[in-house]
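K.L.:
Residue numbers (full-length UniProt numbering): 1 to 365.
Here it is: the structure, laid out below.
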Ligand SMILES: Cc1ncc(COP(=O)(O)O)c(C=O)c1O
């Protein structure tokens, strides 16, 4: 062996150039108040009912699929379960996009994984910036549809927290008919269920919806998400999915979370988070360093600060970890804050108030 081993030389060209997604747990920091990943602040309790682990699990565990079908008021054939909505984003690209030929479209500022997954598979990205009110630029979408196979629309949108206008969504579905799938990412829809478009599926067979147990169901650590689509689309995704995407314990807990009792618990959590969100937003609006708290339909709020870098660093040093969004298109000065427990929300308000007071003292001659 005379030559030195160089893994990077063997990697695909597009992978060599990639920077990994800055997931919540990759960012580091010594936090004790984690408000950077839109998780639920408390862990729900479960017991394991299924203890037979010598056998492989079902590819699509029947109880999970049936419970989700009931919850979403769709047929079991319209549902695919996998390792989080992130895996759904990727499966769709793997199944529908020819690398180097086809494209995916999405509208920044939005969730980062559409871009990461497209990059991983060498699929062109068409980024159509949202309008200043964070609604979709329909004209530009229409003008750029050539070669697009998937249009990802995040509603409510991460990180801005707003719903995408349903009339605009219908227009995109009309534009895409016969040429592309429209993928509506409803990861946060439990916080505003009236806005779901899941009942449009009969009318639009090219509509795909992404869901997750990571947010309102308080199970980000479980890694379990759903793709809702026409049975023909689900069949295609089943060709490219791993043979055993969910472990037996994951399927066991997911089925419990989707029982009538699990859903009622989730709805109570949603009501509590929505109330805390309004309290936190109102308290932040009173602070001099806050320029704007944007309305949100989710479990996080986007806040524009006079000096977001300093606020972010100041809170980070106190163990309060927020998400810096200031490098996203149109979001200069913005931090995203997940709604935490009452104690955590109070810590955020106290820390930012203290920071604001300090700024005023320094400014006073
Ligand atoms: C909009 C959006 N879609 C998908 C996901 C991924 O969800 P999951 O944990 O199910 O992979 C997230 C996670 O933050 C998200 O914000």
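Each residue gets a CB set at the ideal place from its N, CA and C atoms; glycine is no exception.
What is the chain-ordered set of residues for which the beta carbon lies under 6 Å from any non-hydrogen atom of ligand 2?
P.N.:
No copy of ligand 2 occurs in the structure displayed; its ligands are ligand 1 alone.
K.L.:
Let me know if residue 51 comes out buried or exposed under the rule of 16 or more other beta-carbons within 10 Å of its beta-carbon.
P.N.:
With fewer than 16 Cβ atoms within 10 Å of its Cβ, residue 51 is classed as exposed.
K.L.:
Could you check whether the Cβ of residue 75 sits closer than 9 Å to any Cβ belonging to chain C?
P.N.:
No chain C appears in the structure shown, which is made up of a single protein chain.
K.L.:
Would a C-beta distance cut-off of 9 Å place residue 21 and residue 112 closer than the cut-off?
P.N.:
In this structure, residue 112 lies closer than 9 Å to residue 21 by Cβ.
K.L.:
Tell me the residue span of the alpha helix (DSSP H) that contains residue 334.
P.N.:
Premise fails: residue 334 lies in the beta strand (DSSP E), 334-338, not in any alpha helix (DSSP H).
K.L.:
In three-state DSSP terms, what is residue 105?
P.N.:
strand
K.L.:
Is the beta carbon of residue 223 closer than 9 Å to that of residue 175?
P.N.:
no
K.L.:
State yes or no: is the C-beta of residue 228 within less than 9 Å of the C-beta of residue 79?
P.N.:
yes
K.L.:
Rounded to whole angstroms, what's the CA-CA distance from residue 242 to residue 94? Just pull it up for me.
P.N.:
12 Å
K.L.:
Taking the alpha carbon of residue 335 as the reference point, which residue from 322, 347, 167 and 341 has its own alpha carbon closest?
P.N.:
Ranking the options by Cα distance to residue 335, first place goes to 322.
K.L.:
Sorted by chain position, which residues of the same chain lie with C-beta nearer than 6 Å to residue 131's C-beta, five sequence neighbours on each side aside?
P.N.:
The answer, listed in chain order, is 137.
K.L.:
Among 217, 70, 123 and 168, which one has its Cα closest to the Cα of residue 90?
P.N.:
123
K.L.:
Roughly how far, in whole angstroms, is the beta-carbon of residue 186 from the beta-carbon of residue 155, given that I think they are within contact range, below 8 Å?
P.N.:
7 Å between Cβ atoms; contact.
K.L.:
From the DSSP output, in three-state form, read off residue 203 for me.
P.N.:
Coil.
K.L.:
Check whether the stretch 61-80 touches the stretch 343-362, taking contact to mean three or more Cβ pairs, one atom from each stretch, closer than 8 Å.
P.N.:
Under the three-pair Cβ rule at 8 Å, the stretch 61-80 does not count as touching the stretch 343-362.
K.L.:
Would you tell me roughly how many angstroms separate the C-alpha atoms of residue 191 and residue 274, rounded to the nearest one?
P.N.:
7 Å
K.L.:
Give me the DSSP bridge partner(s) of residue 305.
P.N.:
290
K.L.:
Below 8 Å on the Cβ atoms is my contact criterion, and I expect residue 352 with residue 311 to pass it. Report the Cβ-Cβ distance as a whole number of Å.
P.N.:
6 Å
K.L.:
Between which two residues does the alpha helix (DSSP H) holding residue 3 run?
P.N.:
From DSSP, residue 3 is part of no alpha helix (DSSP H); its letter is neither H nor E.
K.L.:
Smallest Cα separation from residue 276: which of 36, 345, 86 and 120?
P.N.:
345
K.L.:
Quick one: Cα of residue 75 to Cα of residue 97, how far?
P.N.:
Approximately 26 Å between the Cα atoms of the pair.
K.L.:
Considering only residues of the same chain and omitting the five flanking positions on each side of residue 83, which have a CB-CB separation below 6 Å?
P.N.:
223 and 245
K.L.:
Does the separation of the CB atoms of residue 259 and residue 49 fall below 9 Å?
P.N.:
no
K.L.:
Given residue 34, which residues of its chain have a CB within under 6 Å of its CB, disregarding the five upstream and five downstream residues?
P.N.:
The answer, listed in chain order, is 321.
K.L.:
Is residue 154 helix, strand or coil when you go by DSSP?
P.N.:
Under the three-state reduction of DSSP output, residue 154 falls in the strand class.
K.L.:
Can you find the residues in the same chain that come closer than 8 Å, C-beta to C-beta, to residue 77, ignoring five residues on each side of it along the sequence?
P.N.:
231 and 234
K.L.:
Determine the direct distance from the alpha carbon of residue 226 to that of residue 339, and round the result to whole angstroms.
P.N.:
24 Å
K.L.:
DSSP on residue 34, reduced to helix/strand/coil?
P.N.:
In the structure shown, residue 34 sits in a strand (DSSP, three-state: E or B).
K.L.:
With a threshold of 8 Å, are at least 3 pairs of Cβ atoms found where one atom belongs to the stretch 2-9 and the other to the stretch 282-296?
P.N.:
no
K.L.:
By alpha-carbon positions, which one of 47, 38 and 120 ends up nearest to residue 19?
P.N.:
120
K.L.:
At which residues does the beta strand (DSSP E) containing residue 79 begin and terminate?
P.N.:
Its beta strand (DSSP E) spans residues 79-82.
K.L.:
Work out the CA separation of residue 160 and residue 318 for me, nearest whole Å.
P.N.:
25 Å
K.L.:
Return the residue from the list 102, 278 and 289 that minimises the CA-CA distance to residue 301.
P.N.:
Measuring from the Cα of residue 301, the nearest candidate turns out to be 278.
K.L.:
On a Cα-Cα basis, can you pick out the residue from 189, 283, 265 and 126 that is closest to residue 210?
P.N.:
189
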